[in-house]
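4 protein chains.
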Amino acid sequence: MPKTIKKVGVLTSGGDSPGMNAAIRSVVRTCAYHNIECIGIYRGYQGMIEGDFKDMGPRSVNNIVNKGGTILKSARSVEFRTPEGRKKAHENLVKAGVDALVVIGGDGSFTGGLIFNSEFGFPVMGIPGTIDNDIYGTSFTLGYDTALNTVVDCIDKIRDTASSHNRLFFVEVMGRDAGHIALNAGIGAGAEEILIPEEDLGLDRLLDSLQKSKASGKSSSIVVIAEGDKIGKNVFELKDYVEANLPEYDVRVSVLGHMQRGGSPSCFDRVLASRLGVKAVESLIEGKSNYMVGLREDKVILTPLEQAIKGKSEIDRELLRVSDIMST
Amino acid sequence: MPKTIKKVGVLTSGGDSPGMNAAIRSVVRTCAYHNIECIGIYRGYQGMIEGDFKDMGPRSVNNIVNKGGTILKSARSVEFRTPEGRKKAHENLVKAGVDALVVIGGDGSFTGGLIFNSEFGFPVMGIPGTIDNDIYGTSFTLGYDTALNTVVDCIDKIRDTASSHNRLFFVEVMGRDAGHIALNAGIGAGAEEILIPEEDLGLDRLLDSLQKSKASGKSSSIVVIAEGDKIGKNVFELKDYVEANLPEYDVRVSVLGHMQRGGSPSCFDRVLASRLGVKAVESLIEGKSNYMVGLREDKVILTPLEQAIKGKSEIDRELLRVSDIMST
Amino acid sequence: MPKTIKKVGVLTSGGDSPGMNAAIRSVVRTCAYHNIECIGIYRGYQGMIEGDFKDMGPRSVNNIVNKGGTILKSARSVEFRTPEGRKKAHENLVKAGVDALVVIGGDGSFTGGLIFNSEFGFPVMGIPGTIDNDIYGTSFTLGYDTALNTVVDCIDKIRDTASSHNRLFFVEVMGRDAGHIALNAGIGAGAEEILIPEEDLGLDRLLDSLQKSKASGKSSSIVVIAEGDKIGKNVFELKDYVEANLPEYDVRVSVLGHMQRGGSPSCFDRVLASRLGVKAVESLIEGKSNYMVGLREDKVILTPLEQAIKGKSEIDRELLRVSDIMST
Amino acid sequence: MPKTIKKVGVLTSGGDSPGMNAAIRSVVRTCAYHNIECIGIYRGYQGMIEGDFKDMGPRSVNNIVNKGGTILKSARSVEFRTPEGRKKAHENLVKAGVDALVVIGGDGSFTGGLIFNSEFGFPVMGIPGTIDNDIYGTSFTLGYDTALNTVVDCIDKIRDTASSHNRLFFVEVMGRDAGHIALNAGIGAGAEEILIPEEDLGLDRLLDSLQKSKASGKSSSIVVIAEGDKIGKNVFELKDYVEANLPEYDVRVSVLGHMQRGGSPSCFDRVLASRLGVKAVESLIEGKSNYMVGLREDKVILTPLEQAIKGKSEIDRELLRVSDIMST
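Just so you know, the sequences run in chain order A, B, C and D. If you're matching positions, the first sequence starts at 1 in this note's numbering and goes up one per residue. If you're matching positions, the second sequence starts at 1001 in this note's numbering and goes up one per residue. If you're matching positions, the third sequence starts at 2001 in this note's numbering and goes up one per residue. If you're matching positions, the fourth sequence starts at 3001 in this note's numbering and goes up one per residue.
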């Protein structure tokens, strides 16, 4: 029989994403609803090591459901990668009476939680929070939907000036290892071509596509490029390459950068965060551990953390075809 | 063997919703991609009766993916409910060489399409376009996600003034027969209570909940109410009732109204529209008819139109519980 | 020689408006810059009576420049209208060592400040915070610019659905006694007609204008109506009147309501708040009292509070003509 | 006595800016109001040379008041810098019966108009359209207010992630020769320091300010840098310099880029565009030429084009002090 959970600790770790605050709020209020105590752990695992804790009652999370970032702050902790660091962290949790942990973050944060669990048998539950949507076991990570809206909003603005001047723009979006943002925001923003880490379209195809686009009567174009595009050139190298090969083009570059991580979460992300927080806490209460909560096929489900870490969140290849058709 | 499709007609019908233009664009470009002609039919079935058609090449839908409303306009047609009206409409389509129809709209529009098909054997494919998300066979209708963002954005603004003044607001959102918007936007906006057509929480519970909320230290509250809430009182009657029973409250009312139907579509709605448009046209090419395309369990699927019309898009009752927990 | 100011109290009073937080921040930091203490007074004059104060150092206003509402909350105080109430308030200020007051609010709040000053000789400086822009002595009140953007954003959404359906919309905006919002947002949103408290255009002109609009080939129209329009009919009565006289029209009504008061302030309002806060505090330091700071003819200026209260902020009548021309 | 104006040509030239469409609409409708014809000239002076004209009646500008970019497109024309090019342009205007010109653009565009007038005595009126606000004779250029909102909106998002991670961000905004955007958006976004072309604060002060900021307890900071900052280092060089001298800082860079030029115009820009368009056309009708219309001290005024070109739009130095105080 599982130990009764009396106090849950919650932390955010890794790159922040919109919806993390809504998830914290959900964890805190689900605890309150079930008469469990809750503490917030500041700055991720580093704050766990330093004992940077704060009691969180249901009113402590008022008016944060719509705020970007994370009120618990986030940090990367080198010390937590050492057995000593983790030991210190465990002692702090025990001292504070915490008997289960909700980790909101990405792959790296889950790996930390898994090791922590294996060493101390400490119950851990993960909530996927990252704009990259690169986590196996959920169709949507927290912040991904908001980031897509931020990106299309930016590209809509760029398109205003692109079509006023009949210009070609290369827009770099986040996604070092995953093309979800580029692919979906590219379709949403009406991009001519989309370059992603998962698929090497080849430079020939890019040139070919731009030439066809001009021939078809399009006067301006947007190409969306993930940070980690497979071609292996960064966005400025691509600009040089295209200008060298298609001298009729004067390419402008826009790197959207960190603003993709901020902003008030979309309704989708807020609802998702609320649902995942409830499931995370209630799963801990039921005695479960080492799972990630996620949304798949319209249902909130659990995936073993190990699988979530090892698995790969594949892009939907049908979208490559849709993108192709849309740029007809 | 199905007749080869050479020319597709596309129309929007019923209440407009964000993403309709993106769907029109997708239908037009998918036709072009497959070397099929496409005509736009203005003002829904009424324009079909009046022969208000326009050839649509791939460039005719430039720069509309991000625009709210519908460039083909929408209208309700009394005449199309008569056999004579439908006969005229059919003659116009035949004269124009159109041999298949894509109908973007809701239940009523699909019913029209189904009757039209039964009378003339004309291939019809439906795309669910309505902000209400009240159509069976898809987890998301076009415009629903955008409407949710519009609603939470409005309520976020209302909350600013509500919490500055420690006030209680009743916010009425769209949804005469379906509580999807109220329920999801209510959770997203952090509502205290949510009243929907599907569930009669009862007036006692509302009073009880407001009293508890005040007791728990909340200084301001938002109650989200669907147009067609089950309690059977409109938002102003509810205000009077609450003020009569809880004199400590001075209730303000906000009816969000038609703005919920407009605005630039979210990335989610744009991508969904693109995917559904491709599937609709390619299904017609494959000889299919009388289906609605939709997204369920993360996959684009077909549902017989008849089923889409008769079935009911149920709210996720788990969300009622989540809402409850969130207002702890 | 004026008494040296050592501690400033700041409060927000009356209807809240976006930019109030930015003004609070500016007052707090200007005090810190000049090595003066600052306390925040909660819930306006009521909090002054109840001694609801809080020390505010420069870090206490971190990350509020972009937040709607007011962290100091606002309230209307019946008690402050009595000599006893004001006496209590004065005693609390003296006890707390406060020797000057910055009042952020509208006419009513300034009147309170003026009476308070006349009774106790207490230095008072006003900052105009209201979305209505109805204060003499400044071309822009705090929150007005943000409210205009909120209104045009809403009407842009309404226009999407209006033009999809060829409909006529009556949109009611805030402004019981002043037509600034209606007039400017009406021009900004491309309204057909604008009804304001300052000018009785007459019902005939409205009907006439709508008929001309239809004749000129416009398929949809927006009429913007201030709460306090001079015609003396509310927006629903106007709808009935127009439908009775122009049966070809099916009028939809949208009342924008309290959301106009919320939202993240525009850059203009944030900069204005920062400038006015600096001027208010530095004017107190210079020994001035009973002034309102404002922006006129591109310059930050002082206007005697008495004049600010008595004077009327006239609409720019040239804008009526511009509106007329724009709806050609 | 001035020649009666019967047909006005309107063009947009140089970098596009939000509000240009609203200005085009205003010019077109003011012409219609006064029973004057109007033609649109595509792609600025280049389209004048190529005779790329289009008749514009009042309905041709429906639904553009809220659109970014310019429906008339913009381009830079090398040919217009030659007497032959301008001769061709003049012949086209004469052939089309155009007898006056409204030029919407910046300094360069006005210079072109002035030369054109000096050679052919052709009446020219300028409307200042550029986001940079760097034109003498107006306190606000079209698009400037919108760009400020875009910039603070982006920095608000960046701040979410900056404060979650306690990071320092350098944000580069537009403004090669003018610091208006950096200075105002910097204050609006709560920047720690603001580097502009007009003022060399010096690297020492930057380091000093960052150190003080950390010492004062600020955990994250934003520095806003105009493209053409006086220090003469670009934003990446500044990052290297700061990291070399303040090793405790890990600086992130964000270059906002072209999105600053796009987007739906703010209400302020829409109203301004409407007012300036009316004044431009009516001034031509009154026989005036070679002026720029602008808004100064709350009034629409005329400035001789020559002066507008030669004069310098100074930043408000008081804002430097306000910025300083705000970062206390």
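Here a beta-carbon is modelled for each residue, glycine too, at the ideal position from N, C-alpha and C.
Under 7 Å between C-beta atoms of residue i and residue j
i, j, result
"D:Ser3017", "D:Thr3130", "yes"
"C:Gly2126", "C:Met2292", "yes"
"B:Ser1209", "B:Glu1193", "yes"
"A:Lys336", "A:Glu50", "Since the first residue shown for chain A is 1 and the last is 328, residue 336 of chain A is missing from the structure and cannot be characterised."
"A:Gly172", "A:Ile225", "Here the sequence assigns Glu to residue 172 of chain A, which means Gly is not the residue at that position. Yes, the Cβ-Cβ distance between A:Glu172 and A:Ile225 is below 7 Å."
"B:Ser1109", "B:Val1102", "no"
"B:Asp1229", "B:Leu1195", "yes"
"C:Leu2011", "C:Leu2305", "no"
"D:Ile3064", "D:Asn3117", "no"
"B:Pro1128", "B:Gly1294", "yes"
"D:Glu3091", "D:Gly3085", "no"
"A:Ile158", "D:Met3259", "yes"
"C:Ala2191", "C:Val2152", "no"
"D:Arg3059", "C:Gly2047", "no"
"D:Leu3207", "D:Asn3245", "yes"
"D:Thr3030", "D:Val3281", "yes"
"C:Met2066", "C:Ser2264", "Going by the sequence as given, residue 2066 of chain C is Asn instead of Met. Against a cut-off of 7 Å, the Cβ pair of C:Ser2264 and C:Asn2066 comes out as a contact."
Counted within 10 angstroms of its Cβ, other Cβ atoms place residue i as buried (16 or more) or exposed
i, result
"D:Pro3123", "buried"
"D:Pro3197", "buried"
"B:Glu1248", "exposed"
"D:Pro3083", "exposed"
"B:Ala1215", "exposed"
"D:Glu3227", "buried"
"A:Thr141", "buried"
"C:Gly2097", "exposed"
"B:Lys1095", "exposed"
"C:Arg2321", "exposed"
"B:Lys1087", "exposed"
Contact belief for residue i with residue j at Cβ below 8 Å, rounded distance in angstroms
i, j, result
"B:Gly1019", "B:Arg1261", "Contact doesn't hold; Cβ gap of about 11 Å is too wide."
"A:Tyr42", "A:Gly112", "That belief does not hold up - the Cβ atoms of A:Tyr42 and A:Gly112 are roughly 16 Å apart, past 8 Å."
"D:Ser3266", "C:Ser2266", "7 Å"
"C:Ala2023", "C:Gly2277", "5 Å"
"A:Asp132", "A:Ile181", "7 Å"
Cut-off 7 Å between Cβ atoms - residues of its own chain near residue i, not counting five sequence neighbours on either side
i, result
"D:Ala3236", "As written in the sequence, residue 3236 of chain D is Phe, which differs from the Ala given in the question. The residues are Val3253."
"C:Phe2268", "Asp2145"
"B:Cys946", "For residue 946 of chain B there is no data in the structure shown, the boundaries of chain B being 1001 and 1328."
Any non-hydrogen atom of the ligand ADP within 6 Å of residue i CB
i, result
"D:Asp3160", "Here there are no bound small molecules, and the ligand ADP is not part of this structure."
Beta-carbon proximity list for residue i, same chain, < 6 Å, skipping 5 on both sides
i, result
"B:Gly1311", "Tyr1136"
"B:Lys1054", "Gly1040"
"C:Ser2213", "Glu2192 and Ser2221"
"A:Leu148", "Asn184 and Ala185"
"C:Arg2275", "Val2300"
Same chain only: Cβ atoms within 8 Å of residue i, ignoring 5 sequence neighbours per side
i, result
"C:Leu2284", "Ile2005, Val2008, Ala2100, Val2102, Pro2123 and Met2125"
"A:His34", "Val281, Glu282 and Ile285"
The stretch 3149-3164 of chain D: positions lying closer than 9 Å to chain A by Cβ: Thr3150, Asp3153, Cys3154, Ile3155, Asp3156, Lys3157, Ile3158, Arg3159, Asp3160, Thr3161, Ala3162, Ser3163 and Ser3164
Residues in the stretch 1019-1033 of chain B with C-beta within 7 Å of chain A's C-beta atoms, listed in sequence order? Ser1026, Arg1029, Thr1030, Ala1032 and Tyr1033
Which residues, in chain order, does the stretch 1070-1091 of chain B contribute to contact with chain C at a C-beta distance below 8 Å? Thr1070, Lys1073, Ser1074 and Ala1075
Using Cβ-Cβ distances below 8 Å, what residues of the stretch 207-231 of chain A are close to chain B? Ser216, Gly217 and Lys218: these are the residues of the stretch 207-231 of chain A whose beta carbon lies less than 8 Å from some beta carbon of chain B, given in chain order.
Counting only Cβ-Cβ distances shorter than 7 Å, please list the residues of the stretch 2164-2197 of chain C near chain D, keeping chain order. Asn2184, Ala2185, Ile2187, Gly2188 and Gly2190
Looking at chain A, which residues of the stretch 3240-3272 of chain D have a Cβ within less than 7 Å of any of its Cβ atoms? Arg3252, Ser3254, Val3255, Gly3257, His3258, Met3259, Arg3261, Gly3262 and Gly3263
Counting only Cβ-Cβ distances shorter than 8 Å, please list the residues of the stretch 1051-1071 of chain B near chain A, keeping chain order. Pro1058, Arg1059, Asn1062, Asn1063, Val1065 and Asn1066
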